[in-house]
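> Using the working numbering, read the sequence shown as starting at 3 and increasing by one per residue.
Beta carbons are placed, not taken as given, at the ideal position from N, Cα and C, and that holds for glycine.
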Amino acid sequence: MHLIFESVKKIFNRSMNNIKLCIFDLDGVIVDTAKFHFLAWKELAKDFGFDLNKKDNEKLKGVSRVESLKLILKWAGVMKNEDEQKILTDRKNEHYVKLIQSLKPDDVFPGVLDFISELKQNHIKCSIGSASKNTALILEKLQITNLFDYVVDGNMTTNSKPHPEVFLKSCEALDINPKDTVVFEDAAKGIDAAIAGGMYAIGIGNEDELSHADIVIPGLENFHLKDLSRLNNKTDYQNKLN
Ligand code: B16
Ligand code: MG
């Protein structure tokens, strides 16, 4: 049974020679804003007597603002109506926006700018696919807005990851087939979204949490376009990393 599954997988294996678009998640791929989300949620949760820890905060990666609040309320065993939830998410965001004012170009993760520049030299388009409604401000603070051919953020989508909408919107806008697209994501739900959209999914971070990605890498430092062709042979690529 396993052998049959593997051969079917090979038949459907896409060729990586035709990459036309790379979509980058923002938080956790381009920059670490999770630490600011954590501080702002932790402060807010204190008000209803809940101590948010780092482990729980990990579960909020890639999750929209309102869904994050709903999870925290669930963990805290606290009920809030829609109006109260709106007040809480607004308050959290006000604090978060104050915290991200400190972001500067140096905060872009190592390797990101070099990799994007290599993509551009090879006429591969680049876009952002983020759940964050603060994407524009973050890109501006990092001074990288102009690097992207298109930006999709939480203001433009009605469905959250794992729904593929946030990635498919870039493909539609740039008129590129999802099968010629690679997504870089740090959240398990973001990998689900890329797979659901028919794109290649590269996990950034921990292999255990992102094992459903096509490959998992620690970050974009020393990652090159030639490494994408190794997606055709996942095992070879992972052997090289080990
Ligand atoms: P905001 P990503 C996500 O960004 C964060 O990972 C997640 O923690 C946050 O709740 C979400 O954006 C919404 O952010 O409150 O700024 O709209 O990873 O999708 O780039
Ligand atoms: Mg992320």
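In this structure, does DSSP put isoleucine 217 in helix, strand or coil?
For this step, residue 217 is matched to residue 215 along the sequence shown. Note: isoleucine 217 maps to strand in three-state DSSP.
> Need the endpoints of the beta strand (DSSP E) that glutamate 187 sits in, please.
Here residue 187 refers to the residue found at position 185 of the sequence shown. Unbroken beta strand (DSSP E) run through glutamate 187: 183-187.
> Quick one: give me the first and last residue of the alpha helix (DSSP H) that leucine 212 is part of.
Reading the sequence shown from its first residue, position 210 is the one you call residue 212. Segment: none, leucine 212 is in no alpha helix (DSSP H) and carries neither H nor E.
> Tell me methionine 66's beta-bridge partners as DSSP assigns them.
Here residue 66 refers to the residue found at position 64 of the sequence shown. Rather than methionine, the amino acid found at residue 66 in this sequence is serine. Paired residues: none, contrary to the question.
> Just mark methionine 201 as buried or exposed, buried being the case when its beta carbon has 16 or more other beta carbons within 10 Å.
As a first step, residue 201 is located in the sequence shown; it is residue number 199 there, counting from the start. Result: buried.
> Short of 6 Å in beta carbon distance, which residues of its chain neighbour aspartate 109, apart from the five on each side in sequence? Order them along the chain.
Here residue 109 corresponds to residue number 107 of the sequence shown, with the count starting at 1. If we look at aspartate 109 and ignore the five residues flanking it on each side, its Cβ neighbours are Val33.
> What does the shell around ligand 1 hold, if a residue joins when its beta-carbon is under 5 Å from any heavy atom?
Ordered along the chain, the selected set is Asp27, Leu28, Asp29, His39, Leu62, Lys63, Gly64, Arg67, Ser70, Ser132, Ala133, Ser134, Lys135, Asn136, Gly156.
> Just reading off the alpha helix (DSSP H) that serine 119 is part of, what are its end residues?
The residue given as residue 119 occupies position 117 in the sequence shown. Counting along the chain, the alpha helix (DSSP H) containing serine 119 begins and ends at 114-123.
> In chain order, what residues of the same chain have a beta carbon less than 8 Å from the beta carbon of serine 66, not counting five sequence neighbours either side?
In the sequence shown, residue 66 corresponds to position 64, counting from 1. These residues qualify, in order along the chain: Ala133, Gly156, Ser162.
> Please tell me whether isoleucine 1 and alanine 203 are closer than 8 Å, where the distance is taken between their beta carbons.
Coverage of the chain is limited to positions 3 through 244, which leaves residue 1 absent and any answer about it impossible.
> Where does lysine 48 land, buried or exposed, given buried means 16+ other C-beta within 10 angstroms?
Stepping through the sequence shown from its first residue, residue 48 is reached at position 46. Counting Cβ neighbours within 10 Å, lysine 48 comes out exposed, since fewer than 16 surround it.
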